[in-house]
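Below is one structure; the comments refer to it alone.
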Amino acid sequence: MGRNANSDETHIAGQLKAIEHGRAAGVPWHHFAEALCVTSKQGAYQKAQRLKAEQVREPGERRAPEVAREHADRAVAEERAERAMILVQEWRFPVARHITRLLLEHRDGLVLDSWAAYWLGELADTIDDRDDPAERARFTGWLESFVRAIHGHARERNQPCRSVSSRRPETQLNPPATIVPVMALPAPMRVPHTSDIDVLKHRGGRRRARARDGAGVVGLPEDDLARVREGYI
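Spelled out as structure tokens, the structure:
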């Protein structure tokens, strides 16, 4: 009996690890439905959450119906929040990719620590390989992580994000401290209304990027500043 229980626990732990790795790689929930013996992606999500709860439950502990309902409601709310985040970050993706291209054009003049270099490397490796909403949402999040890293490094060293000594003539700023808003779209978790997206997509055939308070910033040449202010194709 004990051996069977231990075997079940090992099997559940293996399932959860496989699900965790798959989700980290962007595998959608419905791909786990058959393995978890459910029929929908929501069922797969809830089953995974129940299995995770089993791993931390004390032996012999029974979950009251109201606790089970609370757990299920929380699982649904978490899934809804995840969908909302993907929607917002995917909506920001065209601007995020354009800004990343500008950063890569001028990367030699940026002062990077190991974290900023890591995130910029991830962006460079995946900029042309974002095929589904979850991948595009992650890309936008990586750009935000890069912005936080490069500005955190600049604050720690009390210096600009750009290196004067390594600046190539064709990328030299005049004046040198021009600052460009990087994420010029609504703040994260503000889910755009459908009509908002339609306006952005179809107004003159352009997606426009408007600077908002609290947006990340990084130094870029003056001509790129004008391109950011005018919007992106």
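Residue numbers 4 to 236, in the working numbering, belong to the letters of the sequence shown in order. Think of the CB as a built atom: it goes at the ideal place given N, C-alpha and C, for glycine as much as any other residue. Owing to the predicted nature of the structure, the values given are computational and were not obtained by experimental measurement.
Is it the case that the Cβ atoms of residue i and residue j are separated by a distance below 8 Å?
i, j, result
"alanine 36", "threonine 42", "yes"
"leucine 106", "leucine 123", "yes"
"phenylalanine 142", "alanine 84", "no"
"cysteine 164", "leucine 113", "yes"
"alanine 140", "methionine 88", "yes"
For residue i and residue j, which I take to be in contact (beta-carbon distance under 8 Å), what is that distance rounded to the nearest angstrom?
i, j, result
"proline 136", "glutamate 93", "5 Å"
"leucine 39", "alanine 47", "5 Å"
With distances taken from CA atoms, which of the options is nearest residue i?
i, options, result
"histidine 74", "Pro97, Asn161 and Lys55", "Lys55"
"leucine 146", "Glu85, Ala84, Asp132 and Arg95", "Arg95"
"tryptophan 118", "Asp76, Val150, Ala80 and Val79", "Val150"
"arginine 26", "Asp76, His154 and Glu82", "Glu82"
"aspartate 128", "His24, Ala87, Thr103 and Trp32", "Thr103"
"tyrosine 121", "Ile153, Ile15, Arg53 and Ala28", "Ile153"
"valine 30", "Ala16, Glu138, Leu90 and Ile15", "Glu138"
"isoleucine 245", "His33, His34 and Arg53", "No answer is possible for residue 245: it lies beyond the span of the chain, which begins at 4 and ends at 236."
"arginine 86", "Trp32, Arg72 and Ser148", "Trp32"
How many Å lie between residue i and residue j at the Cα?
i, j, result
"histidine 156", "glutamine 49", "40 Å"
"arginine 160", "lysine 44", "47 Å"
"arginine 77", "aspartate 116", "38 Å"
"isoleucine 130", "histidine 101", "9 Å"
"glutamine 18", "valine 79", "21 Å"
"glutamate 252", "aspartate 134", "The chain is shown only over 4 to 236; residue 252 falls outside these bounds and no answer can be derived."
"histidine 34", "arginine 110", "38 Å"
"aspartate 132", "glutamine 162", "34 Å"
"arginine 158", "arginine 72", "47 Å"
"arginine 215", "valine 91", "Caution applies to arginine 215, whose pLDDT of 32 falls short of 50 and renders its modelled position unreliable; the value that the coordinates give is listed next. Looking at the two C-alpha atoms, the distance is approximately 15 Å."
"proline 97", "glycine 144", "13 Å"
Contiguous beta strand (DSSP E) assignments of at least 3 residues, all confined to the segment 101–168:
none
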